[in-house]
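See structure below.
2 protein chains.
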Amino acid sequence: MKLHQMRYIREVARQNLNVSTAAEALHTSQPGVSKQIQLLEQELGIQIFQRSGKRLTGITEPGQIVLDMAEQILREAENIKRVGEDFTKVNEGSLSIATTHTQARYRLPPAIKGFVERYPNIRLHIHQGNPSQVTDMVVSGEADIGIATEAIANHPDLVALPCYIWNRCIVAPHGHPILSDKPLTLKKLATYPMVTYDLGFAGSNTVRMVFEKQGVTPNIVLTAIDSDVIKTYVEMGLGVGLLAKMAFDPERDKGLSMLDASNLFPDSTTYLGVRKDAYLRTYMYDFIEFIAPHLNRKAVNIALQA
Amino acid sequence: MKLHQMRYIREVARQNLNVSTAAEALHTSQPGVSKQIQLLEQELGIQIFQRSGKRLTGITEPGQIVLDMAEQILREAENIKRVGEDFTKVNEGSLSIATTHTQARYRLPPAIKGFVERYPNIRLHIHQGNPSQVTDMVVSGEADIGIATEAIANHPDLVALPCYIWNRCIVAPHGHPILSDKPLTLKKLATYPMVTYDLGFAGSNTVRMVFEKQGVTPNIVLTAIDSDVIKTYVEMGLGVGLLAKMAFDPERDKGLSMLDASNLFPDSTTYLGVRKDAYLRTYMYDFIEFIAPHLNRKAVNIALQA
DNA sequence: CAACGTTACGCTCTTCGTAAAGATG
DNA sequence: CATCTTTACGAAGAGCGTAACGTTG
Chain A
10 MKLHQMRYIR
20 EVARQNLNVS
30 TAAEALHTSQ
40 PGVSKQIQLL
50 EQELGIQIFQ
60 RSGKRLTGIT
70 EPGQIVLDMA
80 EQILREAENI
90 KRVGEDFTKV
100 NEGSLSIATT
110 HTQARYRLPP
120 AIKGFVERYP
130 NIRLHIHQGN
140 PSQVTDMVVS
150 GEADIGIATE
160 AIANHPDLVA
170 LPCYIWNRCI
180 VAPHGHPILS
190 DKPLTLKKLA
200 TYPMVTYDLG
210 FAGSNTVRMV
220 FEKQGVTPNI
230 VLTAIDSDVI
240 KTYVEMGLGV
250 GLLAKMAFDP
260 ERDKGLSMLD
270 ASNLFPDSTT
280 YLGVRKDAYL
290 RTYMYDFIEF
300 IAPHLNRKAV
310 NIALQA
Chain B
10 MKLHQMRYIR
20 EVARQNLNVS
30 TAAEALHTSQ
40 PGVSKQIQLL
50 EQELGIQIFQ
60 RSGKRLTGIT
70 EPGQIVLDMA
80 EQILREAENI
90 KRVGEDFTKV
100 NEGSLSIATT
110 HTQARYRLPP
120 AIKGFVERYP
130 NIRLHIHQGN
140 PSQVTDMVVS
150 GEADIGIATE
160 AIANHPDLVA
170 LPCYIWNRCI
180 VAPHGHPILS
190 DKPLTLKKLA
200 TYPMVTYDLG
210 FAGSNTVRMV
220 FEKQGVTPNI
230 VLTAIDSDVI
240 KTYVEMGLGV
250 GLLAKMAFDP
260 ERDKGLSMLD
270 ASNLFPDSTT
280 YLGVRKDAYL
290 RTYMYDFIEF
300 IAPHLNRKAV
310 NIALQA
């Protein structure tokens with residue numbers, strides 16, 4: 010049994026059982042991949058892939074188990090490589106972050122700024138997606154760290170660290186009647202056409218449930234995944250905006266007025282998620298600490314143990 | 010990075026950093042081991058072992074991390090091998106059970122009997138030890154399954170399955186005053202010299218706490234790890250015996266009388282422990298079901314997932 | 001017949017074992 | 001100086017790539 014063989018079967022499975030494209034992705038020859046898979050199957054005494062004649066048509070039952078274990082082994086091998094780099098190339102490497110628009114646009118910039126000053130030679134990738142995409146990217150190892158308010162806390166392979174707590178605000182064009190009609194209530198809010206986040210984003214579930222519980226039906230005329238889109242349409246007069254307070258910038262958003270809405274909705278928590286079995290490079294710990302100062306290396310390790 | 014190199018560094022660490030004996034244990038030449046370790050260290054860019062001149066004198070900090078990961082990889086590789094065997098050699102293999110004397114002597118025999126009838130070609134090993142040794146053997150992979158009342162439920166790498174519930178009895182030579190002095194109470198029990206299990210065995214903690222809570226101090230004149238030893242000394246008149254009810258056999262223990270003591274002590278639960286990340290061969294699932302019929306394959310898998 | 005997987009074969013790089021040399025306490 | 005590790009080197013073996021062959025839809 011060889012580590013290479015694990016890579017081969019994993020790649021073939023990933024490439025929809027196409028050995029040729031798998032070979033290409035692995036930068037090697039197709040017959041070599043074929044051969045090694047056969048050798049592995051022979052050694053284990055089982056078929057990993059189903060074949061109809063010469064085509065691979067599926068994954069056998071034991072094959073699936075083996076593939077899962079191979080995945081595990083390769084992850085661990087990757088971790089070992091990282092240990093080496095962590096101790097020799099302290100200031101080199103890459104950091105891949107998966108997050109949602111609101112976090113990327115309004116919450117991460119200061120942390121990123123501090124991080125790139127400290128580690129100018131780390132290649133930084135920020136992937137944007139919806140919370141479940143963020144979760145998937147961390148689970149699959151495409152991203153080292155995921156940051157989102159939804160989804161990320163409920164995956165068995167991840168550990169979720171509470172990052173920060175936030176609440177919402179209402180934005181409207183200057184002079185809009187909602188601004189003077191104090192105090193603000195859910196009922197009043199529901200009388201105006203509203204623009205807010207897509208389902209599955211930024212605590213939208215929480216918002217929905219609050220309205221439901223109070224027996225109030227909001228008039229949502231537009232949803233977006235993007236705070237800036239929401240603000241743009243609010244500015245155009247489409248309705249009032251309900252968004253994360255951190256997404257309102259009095260400097261930039263001069264065309265809008267803001268009302269705190271934290272009395273109407275419960276606080277939401279944004280989580281940072283990492284794979285339980287990932288080896289975190291030192292700079293990753295540092296990045297986490299840049300985002301949430303209470304999450305120092307020790308605190309993260311304690312969470313990872315449990 | 011090669012799987013072989015993982016084996017080499019693990020074995021060197023196990024053999025107290027002696028490369029020569031490690032090579033012997035691996036059935037290969039000593040220079041080969043040396044070389045591969047150097048190659049690995051070179052590839053990772055770190056020292057795994059500390060050296061003073063040519064002697065290995067310790068494990069470096071990154072080395073320890075790498076060793077832990079290597080261990081994990083090799084465990085997973087072992088699991089893959091088992092998958093193959095499980096699907097090809099259904100009726101071959103070995104089953105290694107670690108347990109305490111009382112279980113081995115009084116509880117396992119019927120399960121073992123059923124098992125060897127079903128799987129006559131599986132090599133069976135029963136290791137006897139105290140509960141913490143049992144736990145260690147399962148954790149290290151020396152044993153596939155551990156069975157004990159103590160210790161085994163509290164290890165993070167193991168999953169503990171409740172196996173069966175039992176309670177205690179009092180044994181005494183025929184005609185002993187305790188037998189007629191009904192009803193039996195803790196206070197009365199404490200007036201007689203007593204023979205029972207060693208600390209750390211068979212719920213001895215529970216027993217101690219029950220006495221303590223009632224403010225009664227038992228007069229324990231002898232402890233043993235072994236129910237048969239306890240009974241022998243009781244028969245000799247050393248005192249009354251407090252032991253697991255399952256360990257009293259009216260057929261064999263004709264020289265003794267038995268009093269149920271389950272009203273004096275809370276029930277104890279015996280657990281069966283397996284490594285969370287172990288691949289269990291089909292016959293291992295079957296063995297577990299022989300011991301505890303409610304623990305069928307499905308139930309065990311559900312426990313392993315969580 | 002186009003796309004794909006397997007077989008065949010020669011080349012290269014790795015690995016392994018023996019022998020010798022160097023270091024340690 | 002006995003024990004242990006590293007270096008050196010030749011033989012055996014494993015892996016890889018090209019080319020040819022066989023299948024499948």
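So the sequences go chain by chain: A and B.
Residue numbering for the first sequence follows my numbering, starting at 10 and increasing by one per position.
Residue numbering for the second sequence follows my numbering, starting at 10 and increasing by one per position.
Heads up, the beta-carbon is just placed ideally off N, CA and C, and yes, glycines get one too.
For clarity, every value in this text was computed on a predicted model and none was experimentally measured.
What residues of chain B sit near Met78(A), judged by a beta carbon separation below 9 Å? Counting from 1 along the first sequence, the entry for residue 78(A) is found at position 69. Those are Glu85, Ala86, Asn88, Ile89, Val92, Tyr288, listed as they occur along chain B.
At the level of alpha carbons, what is the spacing between Ala120(B) and Pro227(B)?
To locate residue 120(B), count along the second sequence from 1; it is residue 111. To locate residue 227(B), count along the second sequence from 1; it is residue 218. So the alpha carbons of these two residues sit roughly 35 Å apart.
*Report back the beta-carbon spacing between Gly72(A) and Phe58(A) to the nearest angstrom; my notes put them in contact at under 8 Å.*
For the purposes of this step, residue 72(A) is identified with residue 63 of the first sequence, where counting begins at 1. For the purposes of this step, residue 58(A) is identified with residue 49 of the first sequence, where counting begins at 1. About 6 Å separates the two Cβ atoms, so the contact holds.
- prompt: Between the segment 37 to 66 of chain A and chain B, which residues of the former have CB atoms less than 7 Å from a CB of the latter, in chain order?
  reply: Leu53, Gly54, Ile55
Exercise. When burial is assigned at 16 or more other CB atoms within 10 Å of the CB, is Thr279(B) buried or exposed?
Worked result: Locating residue 279(B) in the second sequence gives position 270, counting from the first residue. When all chains shown are included, Thr279(B) counts as buried.
Limits of the unbroken beta strand (DSSP E) element including His134(A): For the purposes of this step, residue 134(A) is taken as the residue at position 125 of the first sequence. Segment 131 to 137, the beta strand (DSSP E) holding His134(A).
Please list the segments of the beta strand (DSSP E) lying wholly inside the segment 145 to 213 of chain B, counting only runs of 3 or more residues, in order along the chain.
154 to 157, 167 to 175, 177 to 182, 202 to 206
| field | the segment 127 to 138 of chain B contacting the segment 242 to 259 of chain B, beta-carbon criterion three pairs below 8 Å | value | no
Inset, instruction - Specify whether the segment 281 to 292 of chain B and the segment 158 to 170 of chain B touch according to this definition: at least 3 beta carbon pairs, one from each stretch, less than 8 Å apart. - result: yes
* To do: Work out the CA separation of Asn214(A) and Tyr201(A) for me, nearest whole Å.
  => On the first sequence, position 192 is the one that residue 201(A) refers to. On the first sequence, position 205 is the one that residue 214(A) refers to. Going from the Cα of Tyr201(A) to the Cα of Asn214(A) covers about 20 Å.
Buried or exposed: where does Lys240(B) fall if 16 or more other Cβ atoms within 10 Å of its Cβ makes it buried?
Sequence index remark: in the second sequence, residue 240(B) carries index 231 (1-based). The residue in question, Lys240(B), is buried, as its Cβ has 16 or more Cβ neighbours within 10 Å.
- Check whether the segment 91 to 102 of chain B touches the segment 61 to 75 of chain A, counting contact only when three or more Cβ pairs, one atom from each stretch, lie closer than 8 Å. yes
Practice prompt. Could you give the DSSP three-state label for Asn228(A): helix, strand or coil?
Written response: Working through the first sequence from its first residue, we reach residue 228(A) at position 219. Three-state DSSP puts Asn228(A) in a strand.
Q) In or out: Ala315(B) buried (at least 16 other Cβ within 10 Å) or exposed? A) Counted from its first residue, the second sequence places residue 315(B) at position 306. Label assigned to Ala315(B): exposed.
How would you write the range of the beta strand (DSSP E) that Thr241(A) sits in, first residue to last?
If you number the first sequence from 1, residue 241(A) lands on position 232. First-last for Thr241(A): 236 to 244, but that is the alpha helix (DSSP H), not the beta strand (DSSP E).
Item to complete: Count the other C-beta atoms from every protein chain shown that fall within 10 angstroms of the C-beta of Glu85(A), then say buried if there are 16 or more, exposed otherwise.
Response: As a first step, residue 85(A) is located in the first sequence; it is residue number 76 there, counting from the start. By the 10 Å Cβ count, Glu85(A) comes out buried.
Does Arg116(B) come out as helix, strand or coil in the three-state DSSP assignment? Against the second sequence, residue 116(B) aligns to sequence position 107. Three-state DSSP puts Arg116(B) in a helix.
Strictly under 7 Å for the Cβ-Cβ distance: is Met293(A) near chain B by that measure?
Here residue 293(A) refers to the residue found at position 284 of the first sequence. Cβ-Cβ to chain B under 7 Å: no for Met293(A).
Under DSSP, the beta strand (DSSP E) around Thr66(B) begins and ends at which residues?
Numbered from its first residue, the second sequence carries residue 66(B) at position 57. 64 to 68 is the extent of the beta strand (DSSP E) around Thr66(B).
Can you tell me which residues form a DSSP beta bridge with Val249(B)?
Translated into the one-based positions of the second sequence, residue 249(B) becomes position 240. Beta-bridge pairing links Val249(B) to Met203(B).
inquiry  = With H, G and I counted as helix, E and B as strand and the rest as coil, what does DSSP make of Ser38(B)?
reply    = To locate residue 38(B), count along the second sequence from 1; it is residue 29. In the structure shown, Ser38(B) sits in coil (DSSP, three-state: anything other than H, G, I, E or B).
Legend entry - Expected contact under 8 Å - CB spacing of Leu188(B) and Ser266(B) to nearest Å: In the second sequence, counting from the first residue as 1, residue 188(B) sits at position 179. In the second sequence, counting from the first residue as 1, residue 266(B) sits at position 257. So it is a contact: roughly 5 Å between Cβ atoms.
_Between which residues of its own chain and Gly116(A) is the CB-CB distance below 7 Å, once the five residues before and five after are set aside?_
One-based indexing of the first sequence puts residue 116(A) at position 107. Reading the sequence as shown, one finds Arg at residue 116(A) and not Gly. Same-chain partners within the cutoff: Met255.
Query raised in the report: Residues of chain A with CB under 7 Å from Ile82(B), in chain order?
Result: Within the second sequence, numbered from 1, the residue matching residue 82(B) stands at position 73. The answer, in chain order, is Ile82, Glu85, Ala86.
Straight-line Cα distance separating Tyr128(A) from Gly67(B):
As a first step, residue 67(B) must be located in the second sequence, where it is residue number 58. As a first step, residue 128(A) must be located in the first sequence, where it is residue number 119. Rounded to the nearest angstrom, the two C-alpha atoms are 32 Å apart.
_For Ala181(B) and Gly250(B), I'd like the C-alpha separation in whole angstroms._
As a first step, residue 181(B) must be located in the second sequence, where it is residue number 172. As a first step, residue 250(B) must be located in the second sequence, where it is residue number 241. Taking the straight line from one Cα to the other gives about 6 Å.
query: What span of residues does the beta strand (DSSP E) with Leu104(B) cover, start to end?
result: Position 95 of the second sequence, counting from 1, holds the residue named residue 104(B). Taken as a continuous stretch (DSSP letters only), the beta strand (DSSP E) holding Leu104(B) covers 102 to 108.
Practice item. Return the residue from the list Cys178(B), Pro140(B), Leu198(B) that minimises the CA-CA distance to Pro186(B). Key: Working through the second sequence from its first residue, we reach residue 186(B) at position 177. When each option's Cα is compared against that of Pro186(B), the closest is Leu198(B).
Kindly give me the distance between the Cβ atoms of Ile234(A) and Asn139(A), rounded to whole angstroms, as I take these residues to be in contact under 8 Å. Numbered from 1 along the first sequence, position 225 holds the residue referred to as residue 234(A). Numbered from 1 along the first sequence, position 130 holds the residue referred to as residue 139(A). Correct: roughly 6 Å between the Cβ atoms.
Check your understanding: Which of the residues in the segment 11 to 32 of chain A, read from start to end, lie with their CB under 7 Å from any CB of chain B?
Key -> Lys11, Leu12
TODO: Have a look at Tyr206(A) and Val143(A) and give me their C-alpha separation to the nearest angstrom.
DONE: Your numbering for residue 206(A) matches position 197 in the first sequence. Your numbering for residue 143(A) matches position 134 in the first sequence. Between Tyr206(A) and Val143(A), the C-alpha separation is close to 17 Å.
*Looking at the unbroken beta strand (DSSP E) that takes in Phe58(B), where does it start and where does it end?*
Against the second sequence, residue 58(B) aligns to sequence position 49. Run containing Phe58(B): 58 to 61, per the beta strand (DSSP E) assignment.
Exercise. Determine, using beta carbons only, whether Val75(B) comes closer than 7 Å to chain A.
Key: Residue numbering aside, residue 75(B) sits at position 66 when the second sequence is read from its first letter. Answer yes: the Cβ-Cβ gap between Val75(B) and chain A drops below 7 Å somewhere.
*asked:* Quick check on Ser29(B): does DSSP put it in helix, strand or coil?
replied: By one-based count along the second sequence, residue 29(B) stands at place 20. Ser29(B): helix per DSSP, three-state reduction.
### Query
DSSP on Met267(A), reduced to helix/strand/coil?
Taking the first residue of the first sequence as 1, we reach residue 267(A) at position 258. The answer is strand: DSSP assigns Met267(A) an E or B state.
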